[in-house]
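Just below is one structure, and these are the notes that go with it.
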Amino acid sequence: MKTLKRVLAVIGIIIAILLIVALIVKKEYAVEKEIVIDAPRQEVFNYVKYLKNQENYSKWANTDPNMKKTYRGTDGTVGFVSAWESKNKEVGVGEQEITKITEGERIDFELRFFEPFEATEPAYMITETSGDNQTKVKWGFSGRMNYPMNIMLLFMDMEKMIGDDLENGLTKLKSILESGPAAADGSVAFLERYFNSTADELRQAVAGLSEAQLAFKPAADKWSVAQCLEHIITSEQMLFEMGRKEMEKPAQPNRRSEIKTTDAQLVQMITDRTEKHQAPKELQPAGKYTDAQQALADFNNGRKPILSYLKDADADDMRNHISEYPTGKSDGYQNFLFVAAHTARHIGQIKEITADPAFPKN
């Protein structure tokens with residue numbers, strides 16, 4: 001009994017010491033990491049200000065592929081909320097809200113965790129010009145642990161715990177922005193680069209895939225790689241013809257001011273895979289391809305007239321041709337930009353399929 005009392009007394013003393021120490025231990029913590037990206041600041045900012053894009057580079061957003069995601073508001077604007085729900089204890093339940101945007105410079109967020117613990121943490125991303133066509137991106141988090149839980153800061157390396165994940169995310173962000181097309185400068189040369197980069201990316205994604213790999217579907221209601229390829233090829237041919245015919249109509253330079261969507265915004269909207277759309281009946285795949293090389297050959301043949309057309313195109317003239325669609329207005333330049341962005345969107349879908357844990361090994 002005396003031994004038990006001594007043990008309890010020792011435990012009591014230890015607890016008392018910890019409580020006293022907690023009085024003087026800091027309650028706040030802050031972690032910031034940075035990276036330099038070879039891309040203009042506005043291009044980088046236009047990408048990171050959309051919360052949904054974090055799903056492409058944030059380690060936390062990809063910890064659980066089965067997490068449920070919901071959204072409120074308009075992405076890229078103050079008040080937009082991205083919420084998540086996961087059975088994985090490392091992810092839990094929470095949401096992130098855009099609280100402030102300083103255009104071209106900084107985005108402030110607020111993270112709210114509900115499960116497995118409750119907490120609120122501010123976060124931010126800063127973009128700064130760093131040399132010719134280079135941008136320094138800073139990604140930071142700060143938080144607070146109230147007394148007496150702040151004693152845990154003595155035993156937790158927040159710099160390591162959070163910093164490593166921030167560095168991981170920034171490295172992936174750099175890869176995404178540097179591997180994409182150069183800044184959308186509104187030139188025909190940019191369009192050509194975008195078409196060429198998507199062609200290279202598609203070849204890398206599907207070259208050498210077996211018939212079984214082409215036919216694999218992650219779920220009954222999901223497309224296979226073969227179906228994505230067929231949709232890309234059919235869509236490019238149809239969209240090119242639509243764009244070419246629009247350019248044959250009389251120019252309307254007086255209507256240029258009616259175009260409200262920027263090129264960068266158009267690419268962002270089209271390539272955003274968090275928004276799902278049903279392809280029209282005429283663009284639904286019919287099971288045409290079982291061979292990757294044949295599909296790529298058809299893709300390349302379909303691209304030839306597009307690239308040939310662009311060689312003689314004039315960007316200023318393209319801007320003078322205004323098209324009206326149910327979704328809004330665009331100019332001739334954007335009609336062609338849409339073609340390449342649509343292909344980029346489905347290349348992203350192909351990468352999702354090949355990354356599936358059940359994707360055949362050969």
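In terms of UniProt numbering, the sequence shown has 247 at position 247, counting the first letter as 1, and numbering is strictly consecutive.
The beta-carbon is built from N, C-alpha and C at its ideal position, and this holds for glycine as well.
Under the criterion of beta carbons closer than 8 Å, residue 340 and residue 186 do not qualify as touching, at roughly 14 Å. Non-local beta-carbon contacts of residue 336 in its own chain, meaning distances under 6 Å to residues more than five positions away in sequence, involve 191 and 243 in chain order. For residue 93, the enclosing beta strand (DSSP E) stretches over residues 93–102.
Considering only 323, 213, 55 and 324, the residue with the shortest C-alpha distance to residue 360 is 213. Restricting attention to 353, 99 and 195, the CA atom closest to the CA of residue 223 is found in 353. Runs of the beta strand (DSSP E) lying entirely within the UniProt domain "DinB-like" (196–350), each at least 3 residues long, are 322–325 and 328–331 in chain order.
The DSSP-derived three-state label of residue 81 is strand. Annotated as proximal: residue 90 and residue 64, with beta-carbon spacing under 9 Å.
Here the alpha carbons of residue 320 and residue 283 stand approximately 29 Å from one another. Beta bridge pairing from DSSP links residue 122 with 110.
The distance from the Cβ of residue 134 to that of residue 48 is about 15 Å, inconsistent with a contact at the 8 Å cut-off. The three-state secondary structure of residue 359, taken from DSSP, is coil. Pairing residue 232 with residue 346, the inter-Cα distance amounts to about 7 Å. The Cβ atoms of residue 31 and residue 104 lie no closer than 9 Å to each other. Residue 165 and residue 228 have their C-alpha atoms spaced approximately 32 Å apart. Short of 7 Å from the beta carbon of residue 44, and not among the five residues preceding or following it, lie these beta carbons of its own chain, in chain order: 37, 127, 135, 137 and 177. Take the alpha-carbon of residue 120 and the one of residue 111: they are about 6 Å apart. Comparing alpha-carbon positions, the option among 275, 294, 306 and 50 lying closest to residue 125 turns out to be 50.
Put simply, the backbone Cα of residue 142 is about 37 Å away from that of residue 277. A Cβ-Cβ distance of about 5 Å is found for the pair residue 188 and residue 313, placing them in contact under the 8 Å criterion. Residues of the same chain with a CB within less than 8 Å of the CB of residue 263, apart from the 5 flanking positions on each side, are 184, 186, 333, 334 and 337 in chain order. Contact annotation, residue 100 with residue 78: C-beta distance approximately 6 Å; criterion of less than 8 Å satisfied. By the C-beta density criterion, residue 56 is buried, having at least 16 other C-beta atoms within 10 angstroms. Residue 75 is a Cβ neighbour of residue 52, given a cutoff of 9 Å. Assigned with DSSP and collapsed to three states, residue 352 falls in helix. When the alpha-carbon of residue 270 is set against those of 109, 115, 349 and 163, the nearest one is in 349.
In this structure, residue 33 lies away from residue 236, with their beta-carbon atoms at least 9 Å apart. Residue 68 carries a strand assignment under DSSP once its states are collapsed to helix, strand and coil. The alpha-carbon separation between residue 40 and residue 205 amounts to approximately 27 Å.
When the beta-carbon positions are compared, residue 288 and residue 230 come within less than 9 Å of each other. Taken atom to atom, the span from the alpha-carbon of residue 330 to that of residue 301 is near 27 Å. Proximity to residue 68 across 305, 256, 211 and 85 peaks at 85, based on C-alpha coordinates. Here residue 257 is exposed, its C-beta having fewer than 16 other C-beta atoms within 10 Å. Counting C-beta atoms within 10 angstroms of its own C-beta, residue 286 has fewer than 16 neighbours from the protein chains shown and is therefore classed as exposed. In summary, residue 114 is exposed, with fewer than 16 beta-carbon neighbours lying within 10 Å of its beta-carbon over all protein chains present.
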